[in-house]
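Residue numbers (the working numbering), protein chains in the order written: chain A, 1 to 399; chain B, 1001 to 1376.
Just so you know, even glycine gets a beta-carbon here, dropped at the ideal spot from N, CA and C.
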């Protein structure tokens, strides 16, 4: 057992740190640090910079597809440095979720057609999994795709589509047949968002922002060559993809950065004439979250170490998802509590670019309660934490 | 011993609930919250006509004399209806402060007007650095001849925007953090030198940052004794804390009912998700929290009505700690159990959650009250 990085890994860490210092746009960094809503252009700009640096935008991609071909530890180091530098989190849909699917299940033509555009952020993808009545029971999805000659006719609706209003393409799960096991008749289909019959409607979340959407699909014509894998194979494709998503959700480096932010805030806020961070009770609450995060980081490392020896992530990804989101939510609660009464003012404009007015109370305070409320979703999406516990009960404990 | 409401209280409860049921659906509330002054002046007049604005006040000033128990009934209904009208700011904080600390002349001049719906008050006591410490008063009032000169800023003053008069706490002597040396003044909202930055709060109410730039007031603006206002402030904040615990009970009741209803109808894995025992237990936790909160809220109301002392402090803080717990046991769970829809702006549940979340910080959060309880 050795927690230390090898000399090569340390050199790599420095290389990443230097690169981020020199190339990460200051304006985007400021936005991320202040919790201001990011725009499509921010993502694309940064992702292109990373792509041009030997494919760094796609840490998980093998070199043959244009990725850097990093080891799991290198990926972790990169992630950690990005978190520390307040880097924008790259959009996972194309890079982390769809690309591995295309590499594993896609045809040569599909790989050639899509992977390059994903790597260069020229095509924006969204995920069409959830449906209004499915929720965590993903297999109950109703969106239907009926084969008609050389294309499918798709009808149904998808929801919670993050950044769907930015997307050029959507990868979806659709029902291509009714089977006794409802998982069986599902297929994995790529849909052009500009196709006639696709409508995108905003869903405003509790923080007042527009990030997610409902997508309506009405007699949408999708060419048969947009089917990934075999018809009816969609469920197993989706399952392999969700493992990647859940590991990505843990976000240890981001939470570490948030703790730093919490401590800074608690040092500036005053209570009984002294910095809030000197209040024994508040300090203890921060420590409790830090301990959870330490455990999570070490567990994450253990999973990583196992992956390095060639294993695939299993039920561990459920553990990382549950604990990761619990830590994220606990930190957002403490950030809000740190500013006391100043969590109350709601200044929506302060969460968007270009707001120049003086803050009400501590700087950035007005984003803290909306963020707290918004982060409630992390224990719901990606398969709710209840579902993750069911998975662990079955897969690990054998119930 | 009788812990049931009197017939009068039950009638009051019925009439408020009926009004809210008929006139105050969620869409109406959202509309009010987002436009104009953030509530309906027409509703305010209706409240006056129904007698709601006179609930806690003594009969000699035109009130009903229902005191803190009456407030509980109204505030629980306010919680259920997510009411945005400035009842807490004007009646509970402003009105009780005048009733408690004002002289006869002030009470006669102000309370009947307030009860009739013609006068609204706000109470400015939070400062940028003060957090929940009521003795942390840097705002100053300096005697200049036959006048007082008020200088400083106050934060998160609920409904100051539409108040006719602001009651403000100020340091007239002593060092910061001393209980003595704090005084109260009542100031016209349009007084020269008083400026205001108004905004919406996360839970859809209205509040303001107030700046007093050498605002001159006459001697009769003083409410209560010079230097001796601390115990009045402490009492009113306790009374208001007990009142919002009742509001919290209303919010929690709604969240519990709506969540249970949802779990019985929402189907996943070919059955109502309420069939899953783990989810039933979460709802039972909500229910138990609701009943325990109700108990502590009644206890706090009784102790506030009985007056001063450590028992008041302890019971109010106990109720407030429970209100803080409700944020996670009821609010967070309600959102979680509703799934994605629970974090959308469209669903009323999200707005009950917001109110519950904000109420934790109001008048001192869970940590503050746990500490205060242990020291009382």
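For residue i, the residue or residues it bridges with in DSSP
i, result
"residue 148 of chain A", "A:151"
"residue 1197 of chain B", "B:1209"
"residue 1153 of chain B", "B:1211"
"residue 126 of chain A", "A:170"
"residue 187 of chain A", "A:174"
Buried/exposed call for residue i, threshold 16 Cβ in 10 Å
i, result
"residue 317 of chain A", "buried"
"residue 1136 of chain B", "buried"
"residue 2 of chain A", "exposed"
"residue 223 of chain A", "exposed"
"residue 1206 of chain B", "buried"
"residue 1165 of chain B", "buried"
"residue 399 of chain A", "exposed"
"residue 1056 of chain B", "buried"
"residue 280 of chain A", "exposed"
"residue 130 of chain A", "buried"
Where residue i sits in the DSSP three-state scheme
i, result
"residue 1171 of chain B", "strand"
"residue 111 of chain A", "helix"
"residue 329 of chain A", "helix"
"residue 79 of chain A", "helix"
"residue 87 of chain A", "coil"
"residue 1097 of chain B", "helix"
"residue 1271 of chain B", "strand"
"residue 1291 of chain B", "helix"
"residue 28 of chain A", "helix"
"residue 45 of chain A", "helix"
"residue 1176 of chain B", "coil"
"residue 1228 of chain B", "strand"
"residue 53 of chain A", "coil"
"residue 1277 of chain B", "helix"
"residue 363 of chain A", "coil"
"residue 1266 of chain B", "coil"
"residue 1133 of chain B", "coil"
Short CB-CB distance (under 8 Å) between residue i and chain B
i, result
"residue 208 of chain A", "yes"
"residue 343 of chain A", "yes"
"residue 256 of chain A", "no"
"residue 370 of chain A", "yes"
"residue 377 of chain A", "yes"
"residue 203 of chain A", "yes"
"residue 386 of chain A", "yes"
"residue 225 of chain A", "no"
"residue 160 of chain A", "yes"
"residue 180 of chain A", "no"
"residue 122 of chain A", "no"
"residue 408 of chain A", "Since the first and last residues shown for chain A are 1 and 399, residue 408 of chain A lies out of range."
"residue 397 of chain A", "no"
"residue 129 of chain A", "no"
"residue 270 of chain A", "yes"
"residue 232 of chain A", "no"
Interface flag, residue i vs chain A, CB-CB below 8 Å
i, result
"residue 1069 of chain B", "no"
"residue 1085 of chain B", "no"
"residue 1201 of chain B", "yes"
"residue 1350 of chain B", "yes"
"residue 1133 of chain B", "yes"
"residue 1161 of chain B", "no"
"residue 1256 of chain B", "no"
"residue 1247 of chain B", "no"
"residue 1170 of chain B", "no"
"residue 1090 of chain B", "no"
"residue 1332 of chain B", "yes"
"residue 1335 of chain B", "yes"
"residue 1156 of chain B", "yes"
"residue 973 of chain B", "This structure gives no information on residue 973 of chain B, because the portion of chain B shown stretches from 1001 to 1376."
Any chance the region 1041 to 1055 of chain B sits against the region 1013 to 1029 of chain B, with 3 or more Cβ pairs inside 8 Å? They touch, by the three-pair rule.
I want to know whether the region 271 to 279 of chain A touches the region 341 to 355 of chain A - three or more CB-CB distances under 8 Å. Look at the beta carbons and you see the region 271 to 279 of chain A not touching the region 341 to 355 of chain A: under three pairs across the two are nearer than 8 Å.
Is the number of C-beta pairs between the region 127 to 142 of chain A and the region 105 to 118 of chain A that are closer than 8 Å three or more? By the Cβ test, the region 127 to 142 of chain A is not in contact with the region 105 to 118 of chain A, since fewer than three Cβ pairs between them sit closer than 8 Å.
Determine contact between the region 1317 to 1336 of chain B and the region 1270 to 1287 of chain B, defined as no fewer than three beta-carbon pairs at a distance below 8 Å. With a cut-off of 8 Å, the region 1270 to 1287 of chain B and the region 1317 to 1336 of chain B count as touching, because enough Cβ pairs lie within range.
Across the region 61 to 71 of chain A and the region 371 to 380 of chain A, are there enough close Cβ pairs to call them in contact, namely three or more that are closer than 8 Å? Contact between the region 61 to 71 of chain A and the region 371 to 380 of chain A is absent, with fewer than three C-beta pairs closer than 8 Å.
The region 1321 to 1331 of chain B touching the region 1211 to 1221 of chain B, judged by at least three CB pairs closer than 8 Å: The region 1321 to 1331 of chain B vs the region 1211 to 1221 of chain B: no contact.
Could you check whether the region 1083 to 1098 of chain B touches the region 1238 to 1246 of chain B, counting it as contact only if at least three pairs of C-beta atoms, one from each stretch, sit closer than 8 Å? Flag = yes, the region 1083 to 1098 of chain B and the region 1238 to 1246 of chain B touch.
How about the region 167 to 179 of chain A and the region 141 to 154 of chain A: do they share at least three Cβ pairs that are nearer than 8 Å? Contact between the region 167 to 179 of chain A and the region 141 to 154 of chain A is present, because at least three Cβ pairs lie under 8 Å.
Would you say the region 1100 to 1115 of chain B touches the region 1221 to 1231 of chain B, given that touching needs at least three Cβ pairs under 8 Å? A contact exists between the region 1100 to 1115 of chain B and the region 1221 to 1231 of chain B.
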